[in-house]
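Heads up: the structure comes next, in structure tokens.
Residue numbers (the working numbering), protein chains in the order written: chain U, 53 to 208; chain G, 53 to 208; chain X, 53 to 208; chain W, 53 to 208; chain E, 53 to 208; chain A, 53 to 208.
Below you can see the structure in the form of structure tokens.
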């Protein structure tokens, strides 16, 4: 199997995408934060009053998608054309599921951007709830869907 | 329960830590990436030859700890004094466990720094293996230990 | 009058604050964005439904305070200990007034941090309303109060 | 009126511009800083000797245009192709007027880039003069002209 | 001779490249760090054990190419499509030579990106060896090759 | 000899400086850019008219010192308290020598900050002259002086 991000001397490289075709790339990633009942209830109670915990997480997620190439060493700088988010309340866990959808017309995919948005968005929820609950767990950060590009579509 | 990061109008704020005592703060966070057998084998084979996949992840994790206050909106800028990492191979999953330990002498804790390092380190492994396996899942990002500060120690 | 940020050859320098006393520094800055009636009404109507326009502005303002030394060339990197915001609706203008309060225990003041937070917060409101109104004007960005440090207190 | 930056659940989103036509986009923004007579005279006297106050402001303004998508949460990352500035001395105010012109061939406009450049440029003047005058006021930050794109031209 | 980065009033500007043709741009830059024998031997001994000194330098170099427009004030933001590195051991100096190759399909060249990558990569080697040797010297940072664009090819 | 930035598994780490004594740290670094006669003459002629080439380099150098911990992976975030620069014209080379002096009261040195400032400052001169001369060479980037801290003073 081919480790595409390494050169012939086993040094990391930024893969050459300059000859790839331009296409519309879409990626959808999601992740879950499992929180204690008190923390969950605090967010739900707060939601009625402008919901700044989840709003802050959404904004952090969108901003993080734009920092992906700064954070992940071999990622290309990209000009994302769209970022959308979805937050689902999971009262039975209890917890929250964050989904981030990124789009680009370009030569390489936007999976890392979507995954980075999910990760930072969930960490932001953690940050805003950690005075209540330090035992929260972030899990199931994963690619849900990807389209565009030579490697074909992916659907979990 | 108290949402400490919100003001009386339910707007986010950066909590005032100016009157907290200076103390030595330590945080240990960990997380796991579950990968396919092919991807796992590629990393292990590569490890014999300088191991740049895991080395890149470690460097990305350390650098990310320094970007925490840029990424997580209500986090304070901090002057971390130490970052250490550990990567454990999990051949039975298969996958990898990344642990990040952060230290600071200061007025607020470094949990978010450790958790951000773990998240970005695992995303870097994902990035370097995604040509082999798009179904990888990041999970169990969690605080393992925290000491220092008024809220007392935490051990999972 | 002394241009403190220039050296003897008229080149910019970062002023040496290393011998200044540590003290608690507080700065309060404010600014106004004047918007059209339609844009104002859209924000007010939206406020009832979680208010993301103003919430986004507040988050952008807080994050910008942390980028001040990156943006203003001669500013020192600082570890702000607190950032609070206030948004006042001005129905008669119509418009919005944003106030940012920053705190630090350190060797130099946090006026630029408060002023940068106000500026970016107001630009964020502009961004979110510009599809409705391109004629909005940002004005009266100014220091309201400053305390701490050798130069004494300032109150407008 | 439509708040384009919000989704159907009143969460902020980065608007999808992927289907917009590529066109040449130009934006011109301006703003004024009103300063005391002593501060104004110091800049004018200094201008004869290389003028680093205003040169620093110009450089900060140009660099800030490139940080716009980091600072304004819902802004798209863009590849600006040109940034020009103009500084006008206003001896009767007294003060200075800074104008920033940005250009792009792309799918969305560069108004926020020009406005951000103006804001940070004026804050830089404030920073370099604040040892002389803390009462300075930044005002009239506004879009002067915009061309390109579906929404048509704008001229104040 | 023409200082292209200055406007008619001798203020810096970001040159307008909006009317330049799109072409494939390649730049190769290199530089050398001369180190003491002990430092050289430490790296060579370490190379057998995963080589993290040089691996870290390579990663820092690649990441720095992506920060060029943030660091060099008049540089355009660019979407580099490829970054490759080469490290040559120079036992007779003793020292190390770092070469960085950058590529882009675009309207302006990537020389500054390659040169910035070389500079930061060499500084990273310095950082990791400075406990052994503080007298190291970085030298011969230079453009080796450039192709694409109106100004023609350059070969040292 | 000890590679302090590596852990017992040969992975990079950020060295723990939390137990080091606070002291006043000073570092002075310098470097030279050798340019062609035409480029040198252009800068000198321009110097009479506000000198924006060298002013831009100085500002870039100062700003870069503040980005050091972002650029050099194992560097600690620091709160520099002073940055000064000096530019010397070298008509016989011809070229320019840039010196950067950094200061800090803290637990670790500021050599990397001074060296990073020199490197980015010289690259900025390169950028502004590259339309005239692509053969310029940056050399002799080196530490001139260091004081403070356990490892004692260094003077070249």
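All residues carry an ideal CB built from backbone N, CA and C; glycine is no exception.
Discussion item. Just list the residues that DSSP pairs residue 154 of chain X with in beta bridges.
Written reply: X:79, X:135
Worksheet entry | 8 Å Cβ cutoff, residue 117 of chain A in contact with chain G | No, residue 117 of chain A does not count as interfacial toward chain G.
Worksheet entry | Contact set between residue 132 of chain U and chain W, taken where Cβ atoms lie within less than 8 Å | 66, 128, 129
Item to complete: Starting from the beta carbon of residue 159 of chain X, find every residue of chain A whose beta carbon is closer than 7 Å, and list them in chain order.
Response: Result: 133.
Discussion item. Within 8 Å, do at least three Cβ pairs link the stretch 146 to 159 of chain A to the stretch 163 to 175 of chain E?
Written reply: no
Item to complete: Have a look at residue 159 of chain A and residue 176 of chain G and give me their C-alpha separation to the nearest angstrom.
Response: 31 Å
Worksheet item: Given that a residue counts as buried once 16 or more other Cβ atoms are within 10 Å of its Cβ, and exposed if not, what is residue 89 of chain G?
Response: exposed
Worksheet item: Roughly how many whole angstroms lie between the Cα atoms of residue 197 of chain G and residue 78 of chain G?
Response: Rounded to the nearest angstrom, the two C-alpha atoms are 8 Å apart.
Worksheet item: By the criterion of Cβ-Cβ separation under 8 Å, what are the contact partners of residue 110 of chain W in chain E?
Response: 63, 64
Discussion item. Using 8 Å as the cut-off, can you tell me whether the stretch 80 to 97 of chain X makes contact with the stretch 101 to 110 of chain G, which would need three or more C-beta pairs spanning the two stretches below that distance?
Written reply: no
Worksheet item: Considering only residues of the same chain and omitting the five flanking positions on each side of residue 126 of chain U, which have a CB-CB separation below 6 Å?
Response: 57, 64, 66
Fill in: Any C-beta of chain G under 8 Å from that of residue 148 of chain U
no
Discussion item. Below 8 Å on C-beta distance, what does residue 69 of chain E contact in chain W?
Written reply: 133, 134
Worksheet item: If you check the beta carbons only, do residue 142 of chain W and residue 149 of chain W fall under 8 Å apart?
Response: yes
Item to complete: Mind checking the stretch 154 to 180 of chain U against chain W and listing, in chain order, the residues whose C-beta falls within less than 7 Å of any C-beta there?
Response: Flagged, chain order: 155, 157.
Item to complete: Kindly list the residues whose CB is nearer than 6 Å to the CB of residue 206 of chain W, restricted to its own chain and excluding five residues on each side of it in sequence; keep chain order.
Response: Cβ neighbours of residue 206 of chain W beyond the five flanking positions: 198.
Practice prompt. Classify residue 199 of chain A as helix, strand or coil using the three-state DSSP reduction.
Written response: strand
Discussion item. For a contact defined as C-beta to C-beta under 8 Å, what are the partners of residue 107 of chain X on chain G?
Written reply: 63, 64
Worksheet item: What are the partner residues of residue 66 of chain E, as DSSP defines its beta bridges?
Response: The partner list for residue 66 of chain E (beta bridge, DSSP) reads W:135.
Discussion item. Run through chain A and tell me which residues come within less than 8 Å of residue 114 of chain G, C-beta to C-beta.
Written reply: 64, 65, 66, 125, 126
Fill in: Endpoints, alpha helix (DSSP H) assigned at residue 111 of chain W
104 to 117
Worksheet item: Does any residue of chain X bring its CB to less than 8 Å from the CB of residue 76 of chain A?
Response: yes
Worksheet item: Got a sec, what are the start and stop residues for the alpha helix (DSSP H) residue 179 of chain W sits in?
Response: Where residue 179 of chain W is concerned, the enclosing alpha helix (DSSP H) stretches over 163 to 181.
Practice prompt. Can you tell me which of the three DSSP states residue 95 of chain A falls into?
Written response: helix
Item to complete: Would you verify that the beta carbon of residue 73 of chain G is, or is not, closer than 8 Å to some beta carbon of chain U?
Response: no
Item to complete: Return the first residue and the last residue of the alpha helix (DSSP H) that residue 123 of chain E is part of.
Response: 120 to 123
Worksheet entry | Proximity test, Cβ basis, 8 Å: residue 187 of chain A and chain E | yes
Worksheet item: Since residue 120 of chain E meets chain W, which of its residues come closer than 9 Å, beta carbon to beta carbon?
Response: Correct list: empty, because the minimum Cβ distance to chain W is about 11 Å.
Item to complete: Just tell me which of E:191, E:163, E:134, E:184 has its CA closest to the CA of residue 145 of chain E.
Response: E:191
Item to complete: For residue 191 of chain E, write down the residues that DSSP places opposite it in a beta bridge.
Response: E:84
Discussion item. Strictly under 8 Å for the Cβ-Cβ distance: is residue 202 of chain E near chain W by that measure?
Written reply: no
Discussion item. Determine, for residue 145 of chain A, whether the minimum Cβ-Cβ distance to residues of chain E falls below 8 Å.
Written reply: no
Worksheet item: So residue 85 of chain E packs on residue 178 of chain E, CB below 8 Å; how close in whole Å?
Response: Contact holds; Cβ gap of about 6 Å.
Item to complete: Measure from the C-beta of residue 142 of chain A to each C-beta in chain E and report whether the shortest distance is under 8 Å.
Response: Not closer than 8 Å to any Cβ of chain E, the Cβ of residue 142 of chain A fails to qualify, so no.
Worksheet item: Between A:129, A:195, A:201, which lies nearest to residue 81 of chain A when the distance is taken from Cα to Cα?
Response: A:195
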